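Residue numbers (this note's numbering), protein chains in the order written: chain A, 1 to 656; chain B, 1001 to 1261.
Below: one structure, written as structure tokens.
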């Protein structure tokens, strides 16, 4: 049987391997290629988990420091060092996660020199930086106790840091209070975007209280992990006490949250049946009230399984709170959604795995968990060969064969999974195609009245009097990346554009950042709306996607403006009999030109004719813009007149 | 003394010709709009489109662009002060300071700032009211390009007067409201319209309170929180430490270990 430790480490190393590859992709290709972030969701998984939840998960550090050093509850001392180590690693993970999330990570230190004290984020950044330093100093004595640092200088530093414990602990608590709560204040600026079930003027208090509750339960989770992994003795009585405290804090949190909702009259949203309400109920009941209630039961508090369940639920609940704020409860424009890409998840998992490996390394090599001998020299001194590579990565952590293999395998697997866009650095939405349908179509070439060859394409299998002149394959492609697949006759496009030499018209094979041209590049009038013709509302009224043929009656022709039925076919009352202004002979086909061009066409033409034919009755000014456009000075209108003409020509060319 | 400038858009005059969009594209060298995974619509605001025309049912056109708030949420959110409200009115962006946290995009009530998701060194992109031109005393490119004079540029106070004049002259034509006059402390980009323009923001009615005040309410408590929490923790430590010492002393006298007496 494989040793438990080896199995865990192998998995962790494999996850780190995946992370390494994805990191390369992130820093070589940018955020757009590797994440699902968008202007609608500027903060995604990395902020919600790595930063928001990371900071909260590391709250155990300041909570236990307060319990042991300030309140002198010496019985909890065994938890201090592991909790401070976890907090330190947690904050390092936050910094690393931010490095991935920031658009310009090399500017990560800019807040130090470019202060903007009105920004909540500035306060958070400064507190996190300072607290990271404090945590490092708090943990430093543990490192200095290692035999490697058995030198007089290090002894003096160790003694000094030990003396400085209380000031460090107090500043750590103050800094934690500030930024744990300020992470909530970040959302105060967006009252119109955060769902009322999550938005609250006291969100910063909620963040702080929930962090304390979470901190207590992460300490329990950590102790349970240590006993499972390292076989450390489990002090279940102490964990039970932590659980009792956590239960009280969770009830305070739930009371504050629900009370605030009730006082502000937002409690009604809980039952409005929306997705947010469902998530809120799930978050509050399963992950806050349930563990808080369970922890009241003595039996639960006395069993490892019960405590483990409660800590997992609490952790889920508090992470869920932060997740929901960033993602579920955050309003977006209609139609925008967010689900992280696997690469975002891989980075998050990789950072956690790396932190876990460092934690294991420290516990195995330093006196982290042995509270009885917290002083130097009490542990047997081990020989350390500074020349061997094991100084950095000892055998226990980075075995040459197994763990390196896991790392490389993970990295290789991730490399194989990287999307093609990331490989090529191309950010064009990929054109989705389905396998060509051979049955697809029969083509008839038809030299229409216009002289240019037109193709009639009809699905094979339907009889046609003209007979079959050859079948072609149709590809189903999503050329406009709008989620609509259309049958695309590739050969006909190639023929029309100039045969084999024409590939580059659409496929820009030589250009690294370009894959192929979307359909609308050439078919400019696809889905085009003008002010007097709204394609979407016609589609809706006529029956959705199956209604194309109501206007584009012949499946033989491409669905363009030119092939649509004239508007007058349906809108027969468009032109009133005997009216002065009549639509052009033959009816307006398909999409109407823009309002301006239509109006100018109808009015200006006649006005000009009047001036030309009856110059004695109509002055020249009758045909000038200012006649109709009152209140606008003539010079301006004359200046724009050429544009109007050009626009008209353009649009009539497009109609043809 | 610099006069705060602004842009007034009268949506009843806009014909949706998008010449402002083209002028903006030329002025800011924005390049073509390409379909990208993060774009909902090709003609939405994006890193290549600082202004756009929103088509509303019933032949209404509303030009969308940065509102250049009087007390901008984005400026208060920016961690390094890369976004600044200038005395001339425009809210401008300094790419050399930006670290890419995107809190400005989170905080904007109108959903204006866009990000260069594509770039390796991405920047926040939004309308700058052609700040360079405004400083030279010229009008922004979009205003210059508007053939219908639907969007005009001038001192903000005068624009408000002009807007009020138009509404008073034709009260049946307009919604009786100057959009941007007072909402969230006022904006430099104003609208008058024949339809309600609530859709331009995430909530139809944003209220009149400037958004930075919301975070400042929490942020201003920081100094007292530092003193209070620090004092409380030090005090607790001192009291408990002293009590434990006293308890040890009073328990100790008769014990054999109490040698220091």
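All C-beta atoms in this analysis are idealised placements derived from N, C-alpha and C, irrespective of residue type, glycine included.
Given the structure is predicted, the values throughout are model-derived calculations rather than measurements.
With DSSP collapsed to three states, give me the class of residue 1033(B).
coil
Quick check: what's the CA-CA separation for residue 37(A) versus residue 567(A)?
42 Å
Going by beta-carbon coordinates alone, are residue 61(A) and residue 168(A) separated by less than 8 Å?
no
Answer with yes or no whether the minimum CB distance from residue 260(A) to chain B is below 8 Å.
no
What are the residues of the stretch 107-121 of chain A that lie near chain B, defined by any Cβ-Cβ distance shorter than 9 Å?
107, 108, 109, 110, 111, 113, 114, 115, 116, 117, 118, 119, 120 and 121
According to DSSP, is residue 671(A) part of a helix, a strand, or is it coil?
The shown model of chain A, from 1 to 656, leaves out residue 671(A), and the question about it has no answer.
Quick one, are the C-beta atoms of residue 1143(B) and residue 1067(B) less than 8 Å apart?
no
Show which residues of chain B have a CB atom less than 9 Å away from the CB atom of residue 229(A).
None at all; the shortest Cβ gap to chain B is about 33 Å.
Does at least one heavy atom of the ligand ZN sit under 7 Å from the Cβ of residue 152(A)?
Because no ligand of any kind appears in the structure shown, any question about the ligand ZN cannot be addressed here.
Stretch-stretch touch, CB-based, cutoff 8 Å, three pairs: the stretch 4-21 of chain A with the stretch 318-325 of chain A:
no
Under 8 Å, Cβ to Cβ, is there at least one residue of chain B near residue 193(A)?
yes
I'd like to know whether the C-beta atoms of residue 240(A) and residue 305(A) end up nearer to each other than 8 Å.
no
With a cut-off of 8 Å, do at least 3 Cβ pairs link the stretch 138-158 of chain A to the stretch 91-99 of chain A?
By the Cβ rule, the stretch 138-158 of chain A does not count as touching the stretch 91-99 of chain A, because fewer than three pairs are nearer than 8 Å.
What do you reckon, are the CB atoms on residue 108(A) and residue 99(A) nearer than 8 Å?
yes
Using the C-alpha atoms, what's the distance from residue 29(A) back to residue 569(A)?
52 Å
May I have the straight-line CA-CA distance separating residue 275(A) from residue 329(A), to the nearest angstrom?
9 Å
Is residue 1258(B) helix, strand or coil by DSSP?
With a pLDDT of 41 at residue 1258(B), under the threshold of 50, the modelled position of this residue cannot be trusted, and the question is left open.
Spatial neighbours of residue 1163(B) in its chain, beta-carbon cut-off 7 Å, leaving aside the 5 residues before and after
1008, 1178, 1190 and 1192
Chain-order list of residues whose beta-carbon lies under 6 Å from that of residue 463(A) (same chain, five-residue window excluded):
Residue placement at residue 463(A) is poorly supported in this model, since its pLDDT is 48, which falls under 50; the coordinates are not used for a value here.
Alpha carbons only, please: which of 23(A), 189(A), 70(A) and 622(A) is nearest the one belonging to residue 1077(B)?
189(A)
Could you say which of 1223(B), 1019(B), 1203(B) and 1168(B) lies nearest to residue 179(A) if we only look at CA atoms?
1223(B)
Assign residue 268(A) to buried or exposed, taking buried as 16 or more other Cβ atoms, counted over all protein chains shown, within 10 Å of its Cβ.
exposed
Extent of the continuous alpha helix (DSSP H) run through residue 497(A)
490-497
Going by alpha carbons, who is nearest to residue 248(A) out of 296(A), 202(A), 68(A) and 270(A)?
296(A)
Excluding sequence positions up to five away, which residues of its chain have a Cβ less than 8 Å from the Cβ of residue 350(A)?
15, 16, 18, 19, 20, 22 and 23
Cβ neighbour criterion (16 or more within 10 Å) applied to residue 619(A):
exposed
Same chain only: Cβ atoms within 8 Å of residue 229(A), ignoring 5 sequence neighbours per side:
4, 5, 8 and 360
If you draw a straight line from the C-alpha of residue 1117(B) to the C-alpha of residue 33(A), how long is it?
When rounded, the distance between both Cα atoms is 8 Å.
So what does residue 1010(B) bridge to, in DSSP terms?
Paired residues: 1192(B).
Stretch pair the stretch 1234-1244 of chain B + the stretch 68-88 of chain A: three plus CB contacts closer than 8 Å
yes
Buried/exposed call for residue 367(A), threshold 16 Cβ in 10 Å:
buried
On the premise that residue 1091(B) lies in contact with residue 1083(B), defined as a C-beta separation below 8 Å, what is that separation, rounded to the nearest angstrom?
6 Å
Touching by the beta-carbon criterion (3+ pairs, under 8 Å), the stretch 1026-1038 of chain B and the stretch 1152-1163 of chain B
No: fewer than three Cβ pairs fall under 8 Å.
Rounded to whole angstroms, what's the CA-CA distance from residue 49(A) to residue 250(A)? Just pull it up for me.
20 Å
Examine chain A for any beta-carbon lying closer than 8 Å to the beta-carbon of residue 1234(B), and answer yes or no.
yes
Contact defined as beta carbons within less than 8 Å: I believe residue 1108(B) pairs with residue 1074(B). What is the distance between those atoms, to the nearest angstrom?
Confirmed, about 5 Å.
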